[in-house]
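2 protein chains.
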Amino acid sequence: MTTLTPALARLVQELGRLPGIGEKTATRLAMFILGAGRDYVESLAESIWAVKTETTLCQECFGLAEGERCAICRDPQRSAESICIVEEPADLMAVERAHEYTGRYHVLHGVLSPLDGIGPDELKIAPLLDRLRSGTVKEVIIATNPNVEGEATALYLAKVIKPLGVQVSRIAHGIPMGGDVEYTDAVTLGRAIEGRREM
Amino acid sequence: MTTLTPALARLVQELGRLPGIGEKTATRLAMFILGAGRDYVESLAESIWAVKTETTLCQECFGLAEGERCAICRDPQRSAESICIVEEPADLMAVERAHEYTGRYHVLHGVLSPLDGIGPDELKIAPLLDRLRSGTVKEVIIATNPNVEGEATALYLAKVIKPLGVQVSRIAHGIPMGGDVEYTDAVTLGRAIEGRREM
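Chains as they are written, first to last, in the numbering used here: chain A, 45 to 243; chain B, 45 to 243.
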């Protein structure tokens, strides 16, 4: 569109690269930013830059942090006897939102995927085993995604962790709360029956 | 959420102030920005800032510009004999997208709204009359929105422009293309009949 000034056209293009933001939404956001107060625009641009420069990985669990260790690893209230293994920092946040787990985490930053050239050395598995060898950890919960790569990674982890004398469990698979038995796919329903619990 | 680092929490908050972006979308965008390349993040932050600092108003039509005059007012191919009056720069862009109009524009930056204390002096009406008094303009098309304020503004403009000997017209109101006669509201249908054209 020739009616956009070069600066606006560039902003629309950059915003359009964000996930779920098309050209129309990008234009609307750009016009909003143009009309917004200088304070807000400055703060928005700064916070975008800051998230990239200030965010680090926790040297213990490889979750997101500012500084050497994340808020969870620094928290003495969180049990050091249990570690929940997740694929990505976003998964850690999802588990936290459930308010069910009070232990610590370990973020793999990926899953095993031989076709993509991702083996155990490309994931944060060696530092995980170092943590387990220290002897404080009694239980490991594997919360990788329930797909081919996530399951393969869980099996691999169980195999290398069990010899260290640590209890290994996998999060349950089954029908999601609020779901319908009728519309649940066969694989999930099979897992739900296999994983049935006495009442 | 305690799992967000302070920098991430701040970015989520700032993104959440954009129109149509809730906390969930803001978190998704923030995580994308965190994982995106440094080049992109730098470019995004810069373009947000640039749109605010580099965008000016055209001194002739008060549309968006970079510098003194906008691309349309600088274009010798655009007829200087016709001026289309719109409320906001976004309206100008919408008219441009129709590829129907080859004249120039005048952006009022608002509409008459006595209850909000917005009279003719708060809009860019005086500079519009100056442009019309120069004598080159033969026709004015009023494209304010078809609501109470937009209609009132159009009537006011027609009253002050006609004495200058300039032809004044209003964009047509009627059934939008692809619309249904059955589901068109009574006011629009009334206008469509009133504004019927011989075939």
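The C-beta atom is built at its ideal place from N, Cα and C for all residues, glycine as well.
Just so you know, these numbers come straight off a predicted model, no measurement behind them.
- Fully enclosed alpha helix (DSSP H) runs of no fewer than 4 residues occupy 133-141 of the segment 116-175 of chain A, in order along the chain.
- Within the same chain, Cβ atoms closer than 6 Å to the Cβ of Ile127(B) are found at Arg148, His150, Val181 and Val184, the five residues on either side in sequence being excluded.
- Spatial neighbours of Ala51(B) in its own chain (CB-CB distance under 8 Å, excluding positions within 5 residues in sequence) are not present.
- Under the 8 Å criterion on CB atoms, Ile185(B) is classed as non-interfacial with respect to chain A.
- Proximity of chain B to Pro63(A) at the Cβ level (cut-off 8 Å) is accounted for by Arg72, Leu73 and Phe76, in chain order.
- At least one CB of chain B lies nearer than 8 Å to the CB of Tyr84(A).
- Rounded to whole angstroms, the separation of the alpha carbons of Val231(B) and Val225(B) is 12 Å.
- Annotated three-state conformation of Leu73(B) is helix, per DSSP.
- Residue pairing of Glu183(A) in beta bridges, as defined by DSSP: Ser126(A) and Gln211(A).
- About 5 Å separates the CB atoms of Leu156(B) and Ala196(B); that is less than 8 Å, so the two are in contact.
- For Val95(A), the enclosing alpha helix (DSSP H) begins and ends at Arg82 to Glu98.
- Between Ala198(B) and Asp135(B), the gap from beta carbon to beta carbon reaches 8 Å or more.
- As the crow flies, the alpha-carbon of Leu172(B) is around 30 Å from that of Val56(A).
- Neighbours of Ala230(A) in chain B, taken as residues whose beta carbon is under 9 Å from its own, are absent, since the nearest beta carbon is some 30 Å off.
- Among the residues of the segment 90-112 of chain A, those with a Cβ less than 7 Å away from any Cβ of chain B are Ser91, Ile92, Trp93, Ala94, Val95, Lys96, Glu98, Thr99, Leu108, Ala109 and Glu110, in the order of the chain.
- Of the residues assessed, Pro133(A) falls on the buried side of the cut-off, its CB having 16 or more other CB atoms within 10 angstroms.
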